[in-house]
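Remarks on the structure that follows.
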Amino acid sequence: MLKKERYNRFIDYFTEHLPAAETELHYTNEFELLVAVILSAQCTDKRVNMVTPHLFAAYPTADAMAEATHEDIFPYIRSISYPNNKSRHLDKMSKMLVNDFGGKVPADVDDLQKLQGVGRKTANVVASVLYNIPTMPVDTHVFRVSERVGLTQNAKNPLQSEKQLVKHFPKDKLNIAHHWLILHGRYVCLARSPKCEECGITDICKYFEKQKSFVNK
2 MLKKERYNRF
12 IDYFTEHLPA
22 AETELHYTNE
32 FELLVAVILS
42 AQCTDKRVNM
52 VTPHLFAAYP
62 TADAMAEATH
72 EDIFPYIRSI
82 SYPNNKSRHL
92 DKMSKMLVND
102 FGGKVPADVD
112 DLQKLQGVGR
122 KTANVVASVL
132 YNIPTMPVDT
142 HVFRVSERVG
152 LTQNAKNPLQ
162 SEKQLVKHFP
172 KDKLNIAHHW
182 LILHGRYVCL
192 ARSPKCEECG
202 ITDICKYFEK
212 QKSFVNK
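FYI, in the working numbering the residues of the sequence shown are 2 to 218.
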């Protein structure tokens, strides 16, 4: 199967079966999304969504959080992964957001990455979700699923995976394709025990083809 055919089949399937894919993080404004995405690094969206209502009630804006210390923030996020580091990130990020960006979350990916706790993946997520800028954030789900299915080939790191996906997905499909890959990885194409029997794209999946060949030997 040609790579273009594989991508087209992937797009056709998810356009039909998951036409409104979006982030599962809960937020009501730009600042809340930025905070939630920072907290979601190596942590589930479900856990983040359990923590953020109390955090946002205490610090509803960048200005409010900028007045706090990381010691103030820590108790609100102690139940998520790496709370010490993330409380420091939020402390410094909010102060920089107020001092350098007037409290407004920047749309530019490079500007976003200047903020504490914001790497390339986080910046791409924020730019995509908030400002509809065509990007392909690559987390563990995106990296795993795209390689298994055959959308990427021999990608050694998230950046290599991102470049291949950006090259082959139509620009107007990049943002929703990111969510398709994440949700498929989160609920079907699991890391340890993928639910191939529930998957609707096994006909284009290199992983499934390899497993089937192994069983038939």
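Note that beta-carbon positions come from the ideal geometry of N, C-alpha and C, so glycine has one too.
C-beta contact flag for residue i and residue j at 8 angstroms
i    : j    : result
I39  : T123 : yes
F57  : E72  : no
G151 : K93  : no
T24  : V130 : yes
I177 : A22  : yes
I134 : A108 : yes
H169 : V143 : no
S82  : C44  : yes
L26  : D46  : yes
Rounded distance between the beta-carbons of residue j and residue i, thought under 8 angstroms
i    : j    : result
N147 : L116 : Correcting the residue type first, residue 147 is Ser in the shown sequence and not Asn. Their Cβ separation, rounded to whole angstroms, is 27 angstroms, which puts S147 and L116 out of contact at 8 angstroms.
V52  : S95  : Incorrect: roughly 16 angstroms between the Cβ atoms, too far for contact.
V99  : A69  : Not really, about 12 angstroms apart at Cβ, beyond 8 angstroms.
G118 : L91  : 7 angstroms
Contacting residues, own chain, Cβ-Cβ under 6 angstroms from residue i (five flanking each side not counted)
i    : result
N125 : T136, P138
Cutoff 7 angstroms; reference residue i; Cβ partners in own chain excluding five residues on either side
i    : result
V127 : L34, L35, V38, V106, L113
M2   : I205
P159 : K122, V139, F144
L184 : L19, A22
Own chain partners of residue i with C-beta closer than 8 angstroms, once the 5 adjacent residues on each side are dropped
i    : result
D204 : R10
V189 : P195, K196, E199, C200
D101 : K115
Query - Runs of beta strand (DSSP E) wholly within the stretch 33-117 (minimum 3 residues, chain order) - result: none
Requested in this report: With a floor of 3 residues, list each beta strand (DSSP E) that falls wholly inside the stretch 148-184, ordered by position along the chain.
Outcome: none
Query - Any 3 or more C-beta pairs closer than 8 angstroms across the stretch 14-28 and the stretch 59-70 - result: no
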